[in-house]
Amino acid sequence: MVMITCAFISVASVEASPEPEIKGQPHHRLIIKQSELDALLKKGYSKHDIFHALFISEHSKQKTTLENILQYHKQHPSWKETAKHFGVDIEKIKKEHREARNRFYATHKDKIINYLATYNHTSKQTIQKYVSKNEDLHFLIFASAIAKVSNKNLDQIMRLHQEGKSPHEIVKQLKIDRGKLFKEIRTIHDGIQEQK
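All residue numbers for the sequence shown refer to my numbering, where the first residue is 211 and numbers rise by one.
See below:
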């Protein structure tokens, strides 16, 4: 569960690609070669487990293979323990991701507000109203994606949140497919970063 939370914070995803990974981009995706992904899937590992192992290998200072991480995890079925074994401090990474996200949001606040207004087919003032009520920009992005995937408008999602429902409860109540939701969040993040 710790890894899932961290993945949500960074909005990272696994992609199969013939190209090598380009590091240093904000919110870069964890990339794995298609042949390596196929080989691991044939050995019976799930994409979910491969993602966790990929995350650990990217953050580990130890030189190891994805398969070594996956094998260790099979023997010790705790991702937290597996990460610790390979020298990865999940809490430190979560903190760093949160700080980087908050810096990005602070630096690009107006750009995000403009993008969300266009994305939600609403006015900039409507988005600004939520921001002035101390709504987190991160949640506004999440709520915008929920609205799009569930065919609701942003105001309906924000009302559910103001009634005290957690993001998890909103997703569950609206029966939203998590895969579609995170893909939509990725689309929003990409759109914000592409804006000039």
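All residues carry an ideal CB built from backbone N, CA and C; glycine is no exception.
Remember, predicted model here, so these are calculated numbers, not experimental data.
Boundaries of the alpha helix (DSSP H) in which residue i is found, first to last residue
i, result
"residue 259", "257 to 269"
"residue 397", "388 to 404"
"residue 324", "319 to 329"
"residue 296", "Here residue 296 belongs to no alpha helix (DSSP H), and DSSP marks it neither H nor E."
"residue 361", "Premise fails: residue 361 is in no alpha helix (DSSP H) and is neither H nor E."
"residue 287", "Per DSSP, residue 287 belongs to no alpha helix (DSSP H) and is neither H nor E."
"residue 335", "334 to 342"
"residue 273", "That residue, residue 273, is in no alpha helix (DSSP H); it is neither H nor E in DSSP."
"residue 247", "244 to 252"
"residue 375", "Looking at the DSSP string, residue 375 is not in any alpha helix (DSSP H), and its letter there is neither H nor E."
Reference residue i, options the options, closest by Cα
i, options, result
"residue 287", "353, 364, 316, 263", "263"
"residue 387", "272, 318, 403, 360", "360"
"residue 362", "308, 376, 329, 340", "329"
"residue 290", "265, 314, 313", "265"
"residue 277", "297, 249, 271", "249"
"residue 365", "374, 383, 382, 340", "340"
"residue 260", "284, 391, 400", "284"
"residue 269", "337, 372, 298", "298"
"residue 255", "282, 271, 272", "282"
"residue 295", "271, 351, 343, 403", "271"
"residue 404", "384, 389, 342, 318", "318"
Buried versus exposed, by CB contacts within 10 Å (16 or more), residue i
i, result
"residue 217", "At residue 217, the pLDDT of 39 sits below 50, so the modelled position is not reliable; the number obtained from the coordinates is stated separately. With 16 or more Cβ atoms within 10 Å of its Cβ, residue 217 is classed as buried."
"residue 258", "exposed"
"residue 251", "exposed"
"residue 267", "buried"
"residue 234", "Only weak support is given to the placement of residue 234: the predicted model assigns it a pLDDT of 38, under 50, and the question is left unresolved by the model."
"residue 442", "With the chain represented from 211 up to 406, any question about residue 442 goes unanswered, as that position is not in the structure."
"residue 292", "buried"
"residue 371", "buried"
"residue 402", "buried"
Interface flag, residue i vs chain B, CB-CB below 9 Å
i, result
"residue 343", "In the displayed structure, chain B is absent; only one protein chain is listed."
I want to know whether the segment 344 to 358 touches the segment 306 to 325 - three or more CB-CB distances under 8 Å. yes
Under 8 Å, with one C-beta from each stretch per pair, do the segment 383 to 396 and the segment 355 to 366 reach the 3-pair mark? Taking a contact to require three or more Cβ pairs closer than 8 Å, the segment 383 to 396 and the segment 355 to 366 qualify as touching.
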